[in-house]
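For reference, the structure discussed in these notes is given below.
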Amino acid sequence: MNEVDKMIRENYENSKKLNEYNNKIYGDIVCYIRVSSLPSTKIEEIISDLLEMFLRYEKEGKSIDDIIGSDYKAYCDSIIAAALDNRFHVENLKDVLYIVMNGLFILLTINFAFDYLPKLIKYKKIISYDLGISFFLNATLILISCFVILKYIGKTSFKTPSKKSYVLLFIVLYIFIFALGFLQYSLKRYIVFSINPYIIITILIIYWLYKLITKIRNKATI
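Residue numbers (the working numbering): 61 to 282.
Right, here's the structure in full:
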């Protein structure tokens, strides 16, 4: 378990000590700060300091609103502005690459299970595993959409969603799924490269074993 993961786990466990009202405020603040452009280590340090302050004020019987005010967004913006140094951080790039790589492996696993295995059953023999333009295009769109959704959720964490926003989200999601299906169907003939399925199986097994071992190690360090 790296330092950031350890801090996230500790912050999560300590946040359970907050009462319901303060926990709601804390949760919204965490969502907002975590989608900022600050390095992940700095983000967790800020969250840890805020949580410590919240717990102390709660123990003293003080109201969080009296301390930080009722405009939580402005309060978070002031914290982020004070911590932001406008420099490029390698840590940010590493975080993005980590998310992208994990996303690609998950999508590759899904593609292999639902695209290749049915063909294997149909032809009853080992055939080459084809990766086409549709896979890479859909994967790119899905990953970008995930980043946009997470940013949107974080930036609107202090707003109560309206019924209209839910309807709009449903429509956008429906169009997005339709577009992915259309691209998959219309571009399925365009193959980027073919590869021996045993290579893909080996790569996927190594990846998921690594994730499993990492999860077991993380639990062992708690």
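Positions of the beta carbon are idealized from the N, C-alpha and C atoms, including for glycine.
Residue ranges of uninterrupted alpha helix (DSSP H) with 4 or more members, entirely inside the segment 142-223 and ordered along the chain, are 150-171, 177-183 and 193-215.
Using a C-beta cut-off of 8 Å, the segment 213-225 makes no contact with the segment 138-156, since fewer than three inter-stretch Cβ pairs fall below that distance.
Residue range E63 to S75 is occupied by the alpha helix (DSSP H) that includes S75, with no beta strand (DSSP E) assigned at that position. About 7 Å separates the beta carbons of L115 and L78, which is inside the 8 Å limit, making them a contact pair. Collapsing the DSSP output to three states places V227 in a helix. In the three-state DSSP reduction, S108 falls in the helix class (H, G or I). Apart from sequence neighbours up to five positions away, the residues of its chain that approach L164 with a beta-carbon distance below 7 Å are A199, ordered along the chain. Following the DSSP letters along the chain, one finds V90 inside the alpha helix (DSSP H) bounded by residues E80 to R94. L180 places its beta carbon less than 8 Å from that of I187. DSSP places S254 within a strand segment (E or B) once states are collapsed to three. When Cβ pairs closer than 8 Å are counted between the two stretches, the segment 120-127 is seen not to touch the segment 93-107, the count staying below three. Look at E120 here: in three-state DSSP terms it is coil, with no helix or strand label. The beta carbons of L229 and S194 sit no closer together than 8 Å. In the structure shown, the three-state DSSP call for S97 is coil. Spanning the alpha carbons of E104 and M161 requires a straight line of approximately 22 Å. Out of N83, I202, I106 and L191, the CA that lies nearest to the CA of Y250 is found in L191. Between I255 and Y176, the C-beta spacing is not below 8 Å.
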